[in-house]
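**Q** Below is one structure. I have some questions about it.
In my numbering, the protein residues as written are 7 to 199.
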C-alpha cells in the first residue's frame, strides 16, 4: 500500500470525526434545558465527591457555553471550598493559557468567542492538580473528540504526570470508541450522567 492508501485512511478518519462531531453537536443543541440542568447537577456531585477533586488545591475549569455541561456553579462552589480556580484563555497562537479566576471577576469574549477574565493573571499549567476538560464526545478509554482545532490536545500534552484531567459529558456524548490520531490526548477520567 502506497501513500495513496495512507492518505485515504487519514481522510476517512477526518470525515468520520466530522460526522460524529456534527451529530453530537446537534444533540447538544437540541437537548432540553431541564435535562441539561438535571444532568449537570449529577455530574457536579460525582466530580465533587471524587477523591481527585477533594485532594486538588489548584484546578482549571472551562467556562461552559449554553449547550455544554454547566460548569459555572461548579466554579463558584469550588471557590467557596477554598480551591484556587483557573479558567482557560485562548491565545492567537492556538494555545491555552490558564488564568486565575477570582469570584466575581468580570468576563469578556476572547479571540474565539469563548468567555475569559478581563484581567489576566496567568498560572503555570504545571501547577494544576486537576483540569476539567470539555469535549464534543468521549469514549470509555478517555479518548476525546473536541471541536477540531487541537487546543486541548496541545494543552494536555503540556501537563505534568501529577495533573489529573477529567472530561465532563452527558450520557449521549460517551461512545464505545472514537477515531483517534497520533496527536490526540486522552483524559484520565470521564464523568457523565
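A virtual CB, placed ideally from N, CA and C, is assigned to each residue, including glycine.
1. For residue 39, report the span of its alpha helix (DSSP H) as first-last.
2. Buried or exposed for residue 41, going by 16 or more other Cβ atoms inside 10 Å?
3. Residue 80 by DSSP, collapsed to three states: which one?
4. Measure the C-alpha to C-alpha separation of residue 190 and residue 24 and round it to an integer number of angstroms.
5. Does the stretch 139-150 come close enough to the stretch 166-175 that 3 or more CB-CB pairs lie under 8 Å?
6. I need the DSSP call for residue 180, collapsed to helix, strand or coil.
7. Given this structure, state the Cα-to-Cα distance separating residue 120 from residue 95, to the nearest angstrom.
8. Give me the residue from 73, 196, 65 and 98 with the minimum Cα distance to residue 82.
9. Near residue 194, which residues of its chain fall below 6 Å by C-beta distance, leaving aside the five closest residues on each side in sequence?
10. Considering residue 103, what are the terminal residues of the alpha helix (DSSP H) in which it resides?
11. Would you check if the stretch 75-93 and the stretch 146-154 touch, i.e. whether three or more CB-CB distances between them fall below 8 Å?
12. Starting from residue 197, follow its DSSP beta bridges and name the residues at the other end.
**A** A quick look at the data gives this:
1. The residue given as residue 39 occupies position 33 in the chain shown. It spans 39-55 - the alpha helix (DSSP H) in which residue 39 sits, taken as one unbroken run.
2. Here residue 41 is taken as the residue at index 35 of the chain shown, counted from 1. Exposed is the call here.
3. The sequence position of residue 80 within the chain shown is 74, counting from 1. Three-state result, residue 80: helix.
4. As a position in the chain shown, residue 190 is number 184, starting the count at 1. As a position in the chain shown, residue 24 is number 18, starting the count at 1. Approximately 15 Å between the Cα atoms of the pair.
5. yes
6. On the chain shown, position 174 is the one that residue 180 refers to. Looking at residue 180 - three-state DSSP - the assignment turns out to be strand.
7. The residue you call residue 120 lines up with position 114 of the chain shown. The residue you call residue 95 lines up with position 89 of the chain shown. Cα to Cα, the separation comes out at about 8 Å.
8. Position 76 of the chain shown holds residue 82. Checked all of 73, 196, 65 and 98; the closest Cα to residue 82 is 65.
9. Counted from its first residue, the chain shown places residue 194 at position 188. Closer than 6 Å at the Cβ level, and outside the excluded window around residue 194, lie 170 and 171.
10. By 1-based counting over the chain shown, the position of residue 103 is 97. No alpha helix (DSSP H) holds residue 103; the beta strand (DSSP E) holding it covers 102-106.
11. no
12. Counting from one through the chain shown, the residue named residue 197 turns up at place 191. Answer is 174, bridged to residue 197.
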